[in-house]
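Here the structure comes first, spelled out in structure tokens, and everything after it is commentary.
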Amino acid sequence: LISGDLGALDAAREFEYRSLAILFEGNYTSDMWDIGVKAGHIPGQPVNSVGDTKFSAMYMNNNYDLGLIMFHYNIYGLANNNPDTVAASSLRSPYDAPLTNANYLALAPELKLDKWTLKATFVMAFADQAAKAGKQFYDHQQRKFTTAGSSVTDQESFMGWETDLGVSFKWDENFVLALDMGVWSPGNYYEFSNVSGLRLESDLMFASQIKAGISF
37 LISGDLGALD
47 AAREFEYRSL
57 AILFEGNYTS
67 DMWDIGVKAG
77 HIPGQPVNSV
87 GDTKFSAMYM
97 NNNYDLGLIM
107 FHYNIYGLAN
117 NNPDTVAASS
127 LRSPYDAPLT
137 NANYLALAPE
147 LKLDKWTLKA
157 TFVMAFADQA
167 AKAGKQFYDH
177 QQRKFTTAGS
187 SVTDQESFMG
197 WETDLGVSFK
207 WDENFVLALD
217 MGVWSPGNYY
227 EFSNVSGLRL
237 ESDLMFASQI
247 KAGISF
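Counting in our numbering, the sequence shown runs from 37 upward without gaps.
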């Protein structure tokens, strides 16, 4: 729960900040299985008319583990991210990806087999708020207010689904080696361009990581 005052987010007016996020976690554990469930509502900024000074979007750290890709990377930061060629005002980063404007569900089963652990994560999410034709909307990835064209197609809310698979091997009490792989299919939320008749295209995104843990 956040309540307070903000500065001039639109460079013109002072904003009142009122927001409430709801996060749920559940877990089942047995000798062989750990099964975790996460669900949540992290509000975005509603579409409105120019002049409204209430802000309600909530931002949470992307280290809150909801998968390997969808909420860990800013898809808009895959371009315009070279500080040598892009002006500071237009610079983006793929790592600037706070958890925001999302209703999500994540299921994470884990199978424990002596020294081996097999795990998976399944995530699906929908945007809490989406741009509407002729209305002012807040771009949560770029953190700025924009007015949608009166003839554009409304933004969809489906953010996509993600599947991650991982395996870890515990050699002994001091050494663990793990491999994780994931695939994310961006939803039609990311097709919105704010240009009449133009829908952006997106492809499957893949990621993998290798981790080694040494303790003393």
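Note that CB positions come from ideal geometry on N, CA and C, so glycine has one too. Computed from a predicted model, the values in this text were never measured in an experiment.
Beta strand (DSSP E) runs wholly inside the segment 133–173, at least 3 long, in chain order: 138–149 and 152–163
Which residues in the same chain have their Cβ closer than 6 Å to the Cβ of Lys206, if we skip the five residues on either side of it in sequence? Lys151 and Val212
Between Arg179, Arg235 and Gly233, which has its C-alpha nearest Tyr95's C-alpha? Arg179
Cβ of Leu135 within 8 Å of Cβ of Ile78? yes
Proximal residues to Gly170 (C-beta, below 7 Å), its chain only, five neighbours per side dropped: Ala184 and Ser186
Quick check on Trp3: buried or exposed, where buried means 16 or more other Cβ atoms within 10 Å of its Cβ? Since the first and last residues shown for the chain are 37 and 252, residue 3 lies out of range.
Have a look at Leu56, His176, Leu45 and Gln81 and flag the residue whose alpha-carbon is nearest the alpha-carbon of Leu37. Leu56
Using the Cα positions of Met68 and Trp197, report the straight-line distance between them to the nearest angstrom. 27 Å
So for Glu251, helix, strand or coil by DSSP? Reading the sequence as shown, one finds Ser at residue 251 and not Glu. Looking at Ser251 - three-state DSSP - the assignment turns out to be coil, as it is neither helix nor strand.
Cβ of Tyr226 within 8 Å of Cβ of Leu234? no
For Val219, which beta-bridge partners are listed by DSSP? Thr199 and Phe242
So what does Ser55 bridge to, in DSSP terms? Ile38
Distance between Leu154 and Tyr42 (C-alpha atoms, nearest Å): Residue identity check: residue 42 is Leu in the sequence provided, not Tyr. Cα-Cα distance, rounded: 45 Å.
For Glu209 and Ser251, what's the separation of their Cα atoms in angstroms? 8 Å
Going by beta carbon distance, what residues of the same chain come within less than 6 Å of Thr157, once the five residues before and after it are set aside? Gly103, Ala144 and Asp200
Extract the residue ranges of the beta strand (DSSP E) inside the segment 174–198, only unbroken runs of 3 or more that lie entirely within it. 180–183
Thr182 to Gln172 span [Cα, whole Å]: 6 Å
I'd like the span of the beta strand (DSSP E) that includes Ala77, first residue to last. Per the sequence shown, the amino acid found at residue 77 is His instead of Ala. That run of the beta strand (DSSP E) goes Trp69 to Ile78.
CB of Ala166 within 8 Å of CB of Glu146, strictly: no
Which full runs of the beta strand (DSSP E) of 3+ residues lie inside the segment 79–115, going along the chain? none
Nonlocal neighbours in the same chain, by C-beta distance under 8 Å from Thr89, ignoring five residues either side: Arg49, Glu50, Phe51 and Glu52
Give the secondary structure of Tyr131 by DSSP, where H, G and I count as helix, E and B as strand, and everything else as coil. coil
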